[in-house]
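Number of protein chains: 2
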Amino acid sequence: MMKSILTVCRVAAAALGLLCALVSSVYAQPTTDPLPSWNDGPAKQAIISFVKEVTDKSGAKYVEPEDRIATFDQDGTLWVEHPLYTQAEFALDRVHELAPQHPEWKQQEPFKAVLANDREAMAKFSESDWEVVLAATHAGMTTETFVEIVKQWMATAKDPRFQRLHTELVYQPMLEVMDYLRTSGFKTYIVTGGGQEFVRPYSRRVYGIPPEQVVGSSILTRYEYRDGKPVLLREPKVFFIDNNAGKAIGINLFIGKRPYAAFGNSTGDQQMEEWTAAGKGARLMMLVLHDDATREYAYGPAEGLPDTKVGTFTQALYDEAKTRGWNVISMKRDWKHFFAFEK
Amino acid sequence: MMKSILTVCRVAAAALGLLCALVSSVYAQPTTDPLPSWNDGPAKQAIISFVKEVTDKSGAKYVEPEDRIATFDQDGTLWVEHPLYTQAEFALDRVHELAPQHPEWKQQEPFKAVLANDREAMAKFSESDWEVVLAATHAGMTTETFVEIVKQWMATAKDPRFQRLHTELVYQPMLEVMDYLRTSGFKTYIVTGGGQEFVRPYSRRVYGIPPEQVVGSSILTRYEYRDGKPVLLREPKVFFIDNNAGKAIGINLFIGKRPYAAFGNSTGDQQMEEWTAAGKGARLMMLVLHDDATREYAYGPAEGLPDTKVGTFTQALYDEAKTRGWNVISMKRDWKHFFAFEK
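Protein chains in written order, with the working numbering: chain A, 1 to 343; chain B, 344 to 686.
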């Protein structure tokens, strides 16, 4: 008896729900703009058309929800990377903080230049200089301790120009794209040349992306026991570089699926875009061009913009994008707002 | 006007829905057993109590859904690993298939023993013998080609004793546990010493686990262009071994969260269990003991079971489990059914 009452009750609720859906679909107004911080133009249009195509069940380019993967570079694509990558700023701050325990650094490059705040010398640091700095500042502690250090730094360190926390310097238009894609059934990933364990502590809070959806560079860790409890010790040795070809390799290694949409901004993202483009069906390849020195920065050297060596976007990449029909986002032309705090 | 009709409509539907839920909760019968293939006993009880604890919002051991991670070893935990790991069977079949292209193998160990079907010699293969076999059979093709080879083999190759496809030899009780955990808000992962790209092609179909939730061992891949299109070429060089300490390292690397539940069966799972156990709050550590030679196999050498060298469960691990309060699943005592086809 109870069961039949329940059944009637459920059927009635379901019918009313269906009726509502019907009324709602007949009288629905155009939905609100999913990308309000974007100016109308080809970039915004490309994103919206792509989403419509892959979510249209009756269309030829429909993609099953389980295959809807979108990848985002971080530095210069999701947040400001000038004048120096945020993680490099973090490393430099750590050198200052650790200096009292390393009196020898005062006489020893590359630490000497860092401690003297010699920006000119630092701008000329080679890759191996940076590796020395990273090894000294990112290793020698457990993974748990490192996460705590990152969290504390992120909560206080400010960008020199905007005088804002780095996590406030994320691009509002890109947050909207990530939300829009997720609402459309996509799983969003960060695929960064930066440190995986550097990004994970704030990825959910800042981007709505959980740690397991952050793919990045990493150093070796060693399993050992401290007071009978296991820890993972960060070692001063590179394990994986998630940049250039490493981005395609990392996507295959960590996700095992080819993205349908990929957002980057520099030469380090070339292979991620190529790997995405090589898939069948509708694919969305986007590259952010920093061409607004007033509201943020302008650098290339593509299209005659200054070559700053940080987040390099070469003319060759620009030409590849144009030839292959990828979309270049002009920050100056395509973005109404840059940051949430501007609104 | 339309908007207010819609609102009324929705409120009415929601109210009726709520009423149904209320009627339903008042008159609800005890829910059906989530683990029907398990006999009542401490192992089944441990799983059910754990799930109740971590999902009880008012309890001290409640775990947010985003943190509910459960990891499962594959070989010997989710499916049969005797007389030889499935992936080893695959490698041996590949040697036979590739032999016509390698006439020199007839005189060259370890291939000679494989081609002669000399099981005694193969049982004595060293790790470096297996590495030679794996390099010859798992590398030298693109990732896409490898996936196709695995899929074809999985669709036809049969287990020598049960005369079933390997994917039919998954343990029904473990499928139930995975379903039960997922229904309870858990994200389930495979964490296998086997090849990540070997397991991913069938993980969703067989276990309901998508490729991105398969963590395993891997070889190097190289990004290159073929006819202008990028491919990832599998190289005969180990990149990561996801076994022993590698399981804790792999979990941190690929997931970046500590599991709340971990299921294993051999010494290779020791560190995964330890890493899980070292977290705060309720944690569920489970080890499957193969002690039923009639329905499957019996091996240890823990508890005086035969030492077969495949899926070794040492007495030291057994003692660690008992000392630390981990749960040992006796397949003989705890499992009503082993495989879906038995029912």
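Virtual Cβ for every residue (Gly too), placed ideally from N, Cα, C.
Reference residue i, options the options, closest by Cα
{"i": "F468(B)", "options": "M615(B), G668(B) and V653(B)", "result": "V653(B)"}
{"i": "V493(B)", "options": "P426(B), P544(B) and W448(B)", "result": "P544(B)"}
{"i": "I533(B)", "options": "I391(B), T414(B) and T374(B)", "result": "T414(B)"}
{"i": "D127(A)", "options": "I241(A), P83(A) and D159(A)", "result": "Rather than Asp, the amino acid found at residue 127(A) in this sequence is Glu. Minimum Cα distance to E127(A) is reached at I241(A)."}
{"i": "V199(A)", "options": "L253(A), W153(A) and D291(A)", "result": "W153(A)"}
{"i": "V147(A)", "options": "S218(A), M178(A) and E197(A)", "result": "E197(A)"}
{"i": "A302(A)", "options": "L317(A), G228(A), M178(A) and T294(A)", "result": "L317(A)"}
{"i": "G622(B)", "options": "E53(A), T323(A), P230(A) and V170(A)", "result": "P230(A)"}
{"i": "K343(A)", "options": "T31(A), P36(A) and T32(A)", "result": "P36(A)"}
{"i": "E683(B)", "options": "E511(B), L458(B), Q417(B) and D650(B)", "result": "The sequence given here has Ala at residue 683(B), not Glu. It is E511(B) whose Cα lies nearest to the Cα of A683(B)."}
{"i": "K530(B)", "options": "V406(B), I672(B) and E432(B)", "result": "V406(B)"}
{"i": "A155(A)", "options": "R182(A), F90(A), V238(A) and E53(A)", "result": "F90(A)"}
{"i": "L165(A)", "options": "D129(A), E131(A), G140(A) and V206(A)", "result": "V206(A)"}
Test: residue i CB closer than 9 Å to a CB of chain A
{"i": "Q311(B)", "result": "Chain B is shown only over 344 to 686; residue 311(B) falls outside these bounds and no answer can be derived."}
{"i": "W669(B)", "result": "no"}
{"i": "Q614(B)", "result": "yes"}
{"i": "G599(B)", "result": "yes"}
{"i": "M521(B)", "result": "no"}
{"i": "A482(B)", "result": "no"}
{"i": "I533(B)", "result": "no"}
{"i": "K572(B)", "result": "yes"}
{"i": "H680(B)", "result": "no"}
{"i": "S560(B)", "result": "no"}
{"i": "R626(B)", "result": "no"}
{"i": "P554(B)", "result": "yes"}
Residues near residue i in its chain [Cβ-Cβ closer than 7 Å; skip 5 each side]
{"i": "Y614(B)", "result": "Sequence check: residue 614(B) is Gln here, not Tyr. Within the same chain, Q614(B) has close Cβ partners N587, A588, K590 and A591."}
{"i": "A478(B)", "result": "P579"}
{"i": "T221(A)", "result": "T143, L232, L233, R234 and E235"}
{"i": "S266(A)", "result": "G76, G311, T312 and F313"}
{"i": "P259(A)", "result": "I69, A70, T71, I251 and T276"}
{"i": "L648(B)", "result": "D634, A641 and Y642"}
Whole-angstrom C-beta distance between residue j and residue i, which should lie under 8 Å
{"i": "Y85(A)", "j": "G250(A)", "result": "The pair is not a contact, with the Cβ atoms about 18 Å apart (cut-off 8 Å)."}
{"i": "W669(B)", "j": "L630(B)", "result": "6 Å"}
{"i": "Y297(A)", "j": "H82(A)", "result": "4 Å"}
{"i": "K57(A)", "j": "A282(A)", "result": "The Cβ separation is near 14 Å, so there is no contact."}
{"i": "E555(B)", "j": "G256(A)", "result": "6 Å"}
{"i": "M517(B)", "j": "G551(B)", "result": "Incorrect: roughly 12 Å between the Cβ atoms, too far for contact."}
{"i": "W79(A)", "j": "V214(A)", "result": "Rounded, the Cβ-Cβ distance is 14 Å, inconsistent with contact."}
{"i": "V133(A)", "j": "P160(A)", "result": "Between P160(A) and V133(A) the Cβ distance is about 18 Å, and since that is not below 8 Å, they are no contact."}
Boundaries (first-last residue) of the alpha helix (DSSP H) holding residue i
{"i": "N670(B)", "result": "Segment N670 to S673 is the beta strand (DSSP E) holding N670(B); no alpha helix (DSSP H) there."}
{"i": "T480(B)", "result": "E470 to H481"}
{"i": "R462(B)", "result": "R462 to A466"}
{"i": "L165(A)", "result": "Per DSSP, L165(A) belongs to no alpha helix (DSSP H) and is neither H nor E."}
{"i": "E491(B)", "result": "T486 to M497"}
{"i": "G246(A)", "result": "A245 to F254"}
Residue span of the beta strand (DSSP E) that contains residue i, given as start and end
{"i": "F681(B)", "result": "No beta strand (DSSP E) holds F681(B); DSSP gives it neither H nor E."}
{"i": "F415(B)", "result": "I412 to F415"}
{"i": "S392(B)", "result": "It is not in any beta strand (DSSP E) - S392(B) instead sits in the alpha helix (DSSP H) that spans P385 to T398."}
{"i": "V534(B)", "result": "K530 to G538"}
{"i": "K455(B)", "result": "Per DSSP, K455(B) belongs to no beta strand (DSSP E); it is in the alpha helix (DSSP H), F454 to L458."}
{"i": "R569(B)", "result": "V557 to R569"}
{"i": "V581(B)", "result": "K572 to F583"}
Cβ of residue i within 9 Å of any chain B Cβ
{"i": "N414(A)", "result": "The structure shown does not extend to residue 414(A), since chain A is modelled only from 1 through 343, so no value can be given for it."}
{"i": "R368(A)", "result": "No answer is possible for residue 368(A): it lies beyond the span of chain A, which begins at 1 and ends at 343."}
{"i": "V214(A)", "result": "yes"}
{"i": "K280(A)", "result": "no"}
{"i": "L134(A)", "result": "no"}
{"i": "Y223(A)", "result": "yes"}
{"i": "T143(A)", "result": "yes"}
{"i": "K187(A)", "result": "yes"}
{"i": "D241(A)", "result": "Strictly speaking, residue 241(A) in this sequence is Ile, with Asp absent from that position. It does not: the Cβ of I241(A) has no partner Cβ on chain B nearer than 9 Å."}
Own chain, CB closer than 6 Å to residue i, minus 5 neighbours either side, in chain order
{"i": "F606(B)", "result": "F415, T420 and M629"}
{"i": "E274(A)", "result": "none"}
{"i": "L627(B)", "result": "F393 and A604"}
{"i": "R676(B)", "result": "none"}
{"i": "Y523(B)", "result": "P377"}
{"i": "S527(B)", "result": "V394 and T398"}
Own chain, CB closer than 8 Å to residue i, minus 5 neighbours either side, in chain order
{"i": "R210(A)", "result": "According to the sequence provided, residue 210(A) is Pro. The question's Arg does not apply to it. Cβ neighbours of P210(A) beyond the five flanking positions: S203 and R204."}
{"i": "N39(A)", "result": "R333, D334, W335 and K336"}
{"i": "D410(B)", "result": "K600 and Y603"}
Check: residue i C-beta below 8 Å from any heavy atom of the ligand ATP
{"i": "L84(A)", "result": "Ligands in the displayed structure: none, and consequently the ligand ATP is not present."}
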